[in-house]
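Position 67 of the sequence shown, counting from 1, maps to 74 under this note's numbering, and the rest follow consecutively.
Beta carbons: idealized from backbone N, C-alpha and C, even for Gly.
Report on the following structure.
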Amino acid sequence: MAYLPQYTTDEPSRSEVDAFQGATLLEFGAEWCPHCQAVQPALRQLLADHPEVRHVKVEDGKGRPLGRSYAVKLWPNLVLIRDGQILDQLARPDQARLEKAFQAFKSAE
């Protein structure tokens, strides 16, 4: 799947995310967040290099149940999931950390 440029407020439920098959990058953040904006070029490139990874981009905030279910406290917060299982969770990652996480994602196939 392709990189999603916009965060959605129409978030899936935790049970829906747990039922996803294959590789999923669940991204929590907000349009106005400078840390979220800074990571977008790296995410765009990594997702272009890994088209098999589903990208779910959720606008997080106070009272949002999906973010709370993953204990999100800092943005961007990236959860790497394969077949409903969390492989890694990153808060405000840099380029090197993102690349390392995606390599682990590939090796978990």
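Residue burial annotation: residue 93 is exposed, with fewer than 16 other C-beta atoms found within 10 angstroms of its C-beta. The DSSP-derived three-state label of residue 33 is strand. Per DSSP, the beta bridge partners of residue 62 are 32. For residue 89, the pairing in a beta bridge is given by DSSP as 30 and 92. Pairing residue 87 with residue 95 gives a Cβ-Cβ distance under 8 Å.
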